[in-house]
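Comments concern the structure below.
There are 2 protein chains.
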Amino acid sequence: MSKRLGRQTVALSDPPRLRGWAAVGGKKEGEGPLKDCFDKISEDAYFGEQSWEKAETRMLRDCFSLACDKAKLPPSKLDYIFSGDLLNQCISSAFAMRDTAVPYFGTYGACSTMAEALSLGAMLIDGGFAANVCAVTGSHFCSAERQYRFPLEYGGVRAPTAQWTVTGAGAVILSRRREGPRLTHVTTGMITDAGITDANNMGAAMAPAAFSTLTAHFADTERDFDDYDAVFTGDLGAVGHDILQSLLEKDGIDTGVKYMDCGMLIYDRKTQGVNSGGSGCGCCASVLAAHILPAMEKGIWNRVLFAATGALMSPTSAQQGESIPSICHAVVIENEV
Amino acid sequence: MSKRLGRQTVALSDPPRLRGWAAVGGKKEGEGPLKDCFDKISEDAYFGEQSWEKAETRMLRDCFSLACDKAKLPPSKLDYIFSGDLLNQCISSAFAMRDTAVPYFGTYGACSTMAEALSLGAMLIDGGFAANVCAVTGSHFCSAERQYRFPLEYGGVRAPTAQWTVTGAGAVILSRRREGPRLTHVTTGMITDAGITDANNMGAAMAPAAFSTLTAHFADTERDFDDYDAVFTGDLGAVGHDILQSLLEKDGIDTGVKYMDCGMLIYDRKTQGVNSGGSGCGCCASVLAAHILPAMEKGIWNRVLFAATGALMSPTSAQQGESIPSICHAVVIENEV
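The structure is reproduced here in structure tokens:
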């Protein structure tokens, strides 16, 4: 009966399908390399609302509605929503979903939330508990800055290793059906702590978690980079991307050009002033829905490993001198070819 | 293949067993009605640590270890941990579990987290994805007060409807085996918002969520209060308990003495100065592990409905004038008789 492959991976026996997805972005994301890929771009930081937190809530809600529309599935047909975000007590998710009338599971995986939500949703469908599940998450630069760092008006100088929280959301609807890309494997992360204490260097803190989950995935599935058309990490940025690549090379693994980081794809680092790249729950969630899944639909990639990374710290833990525990959850998405 | 009963409930086909559990409490909890039921009581608020956040982390970690010991299961045999807490970015859970080397799913259901974690863990076992799962959560009066309300030194007067955040943790280990109480049904809450904006009256905000989930559970399962030996809500306190009872009575449902609230059981409201009662993730989690499950072991109750309630707000949402969205997740636990 067990569907487990090794310590961290399960293989789904009747893989659910990705039935529909949507990505919503902010103004800066609408000026980056993926500008034409979003389903909706806001012209400003407010999304028509009066606070950044309400803007984030509106963005999540819009993204959820767009995904339902594109999947041709009304919310009343959803069995569960899995959602979470970076705001204290995950308020943007809860407020965005409060009028949906769908059974709701709040998840917290920091920037790994999309992969965590997809993992749990896919297992509930494969296990016979649900027919349709939505995974939705997002982040907002302004609400994150004031919560985690400084008031925006202060205009603090950013470290070269710092990342830029993506204003964006992604939503994916998984269904028990016979069409669309399949979610075949779930590799669940263990919490990893490499002792990094610099909250301006999340890439370095999270790269060991990505390394841990990728090597577990390859060991559990007896696969390697060659078995995938593309491998994505969530939001390591350029700094974390290079650290992960070095860690893998030390193990004799050549990632080649197949390995990409969503935090490097969403912005033009040369012209957009984002230092190491994008971060936030909305980073890999929106890149998945705006870029990866549409490319899979076109047959550019047929088998993808999506490994979202998250830093499980808070301003309080940083102030108390703690290092940064991190996690990485991975899922395999493949076309039936 | 579907295991769904109605919109919000699933019936598990091969119900997992509650294999072991533990409860840890603070000093005040060790002076209340359940004082002899905890596995461990701290003599002060610090649990041997230097900050309240680290104390909360230590408490969760101790509770987890005790549950593993009592279940005679080393952490290396656990397939997943589900954990979450009230602190911003759920740091006490993440820091408590960072050295366990167990695949980790962060959950956020505010004070409903124990039922959410049990729900997801039970479904993953029943679906064949795991053999052993731990659900663990807790809360700490001092860390919650300074995050949500006032510095403790300020000594703010508490409203009569206010509740006292429990310093306590509960951990339950679910396993695929043939002994122990079974977790047979999962009823997942929808987010409910009755428009309450008073953050000092969480009982009133959460009672409608409990009403929604209980009535959904009874409709989905074609059961009623008579089918249970006892029904517990999580932390409505005396105020919310009475509101829920009134809502049910309006629907012609007489709860009788079977209906109890964990927030009323953990303290002596006459002598312990807790106003409406206990609250926090650790409230129903520790009452479950310290009181409900031991009573089931003794055969005092054989079929219990455990309905944990959570308020999905934050200080920021309250400051922005938002009302309080709430949720209630319920699970059925029964002895094989």
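Residue numbers (my numbering), protein chains in the order written: chain L, 567 to 903; chain B, 567 to 903. For every residue, glycine included, the Cβ atom is placed at its ideal position computed from N, Cα and C.
- Among the residues facing chain B, F777(L) is not included, as its CB has no counterpart in that chain under 7 Å away.
- Scanning chain B for C-beta atoms nearer than 8 Å to the C-beta of D628(L) yields nothing, as the closest lies near 18 Å away.
- Counting only unbroken stretches of 4 or more residues, the alpha helix (DSSP H) elements lying wholly within the stretch 701–774 of chain B are 707–714, in sequence order.
- For the stretch 677–702 of chain B, the beta-carbon criterion of a distance under 9 Å to any beta-carbon of chain L is satisfied by S678, T679, E682, S685, L686, M689, L690, D692, G693, G694, F695, A696 and A697.
- DSSP, read as helix, strand or coil, puts W867(L) in coil.
- Shown here, K620(B) sits in a helix according to DSSP, grouped into three states.
- Per DSSP, the unbroken beta strand (DSSP E) holding A577(L) starts and ends at T575 to A577.
- Using beta-carbon distances, V898(B) does not count as an interface residue toward chain L, since no partner is under 7 Å.
- In this structure, C828(L) keeps its C-beta atom at 7 Å or more from the C-beta atom of V797(L).
- At a C-beta separation below 8 Å, M768(B) has no neighbours in chain L, since its nearest C-beta there lies roughly 13 Å away.
- Taken atom to atom, the span from the alpha-carbon of G596(L) to that of F716(B) is near 41 Å.
- Across the set P726(B), Q885(B), E711(B) and H706(B), the C-alpha of P726(B) shows the shortest separation from the C-alpha of A770(B).
- In the structure shown, the three-state DSSP call for L653(L) is coil.
- The stretch 792–836 of chain L contains, as complete alpha helix (DSSP H) runs of 4+ residues, the segments 803–816 and 828–831 (chain order).
- Scanning I607(L), I657(L) and S678(L) for the CA closest to the CA of Q885(B) turns up I657(L).
- Assigned with DSSP and collapsed to three states, G844(L) falls in strand.
- For D808(B), no CB of chain L lies under 7 Å from its own CB, so it is not counted at the interface with that chain.
- When DSSP states are grouped into helix, strand and coil, F661(L) belongs to the helix group.
- Judged by beta-carbon spacing, F630(B) lies beyond the 7 Å limit of F648(B), meaning their Cβ atoms are not closer than that value.
- Following the DSSP letters along the chain, one finds A588(B) inside the beta strand (DSSP E) bounded by residues R583 to G591.
- Under the Cβ criterion of 7 Å, K594(L) is not counted among the residues facing chain B.
- With fewer than 16 other beta carbons inside 10 angstroms of its own, I866(B) counts as exposed.
- The C-beta of V576(L) comes closer than 7 Å to at least one C-beta of chain B.
- For D759(L), the neighbours in chain B by C-beta distance under 7 Å run, in chain order, R664.
- V823(L) is classed as exposed because its beta carbon has fewer than 16 other beta carbons within 10 Å across all chains shown.
- Around the beta carbon of Y720(B), a 10 Å sphere encloses fewer than 16 other beta carbons of the protein chains shown; the residue is thus reported as exposed.
- The beta carbons of A676(B) and G843(B) sit no closer together than 7 Å.
- Non-local C-beta neighbours of V898(L) in its own chain, meaning closer than 6 Å and more than five positions away in sequence, comprise T750, H751 and L871, ordered along the chain.
- Nearest to F604(L) by alpha-carbon distance, out of F613(L), G598(L), A589(L) and E615(L), is A589(L).
- Sequence-ordered contacts of the stretch 601–619 of chain B with chain L read Q616, S617 and E619 [C-beta pairs closer than 9 Å].
- At least 7 Å separates the beta-carbon of P774(B) from that of A765(B).
- In the structure shown, C603(B) falls within a coil segment according to DSSP collapsed to helix, strand and coil.
- For S685(B), DSSP records no beta bridge to any residue.
- Put simply, the CB of I657(L) is near chain B, with a gap under 7 Å to one of its CB atoms.
- DSSP places A884(L) in the uninterrupted alpha helix (DSSP H) bounded by P881 to Q885.
- Within the same chain, Cβ atoms closer than 6 Å to the Cβ of D795(B) are found at W867, N868 and R869, the five residues on either side in sequence being excluded.
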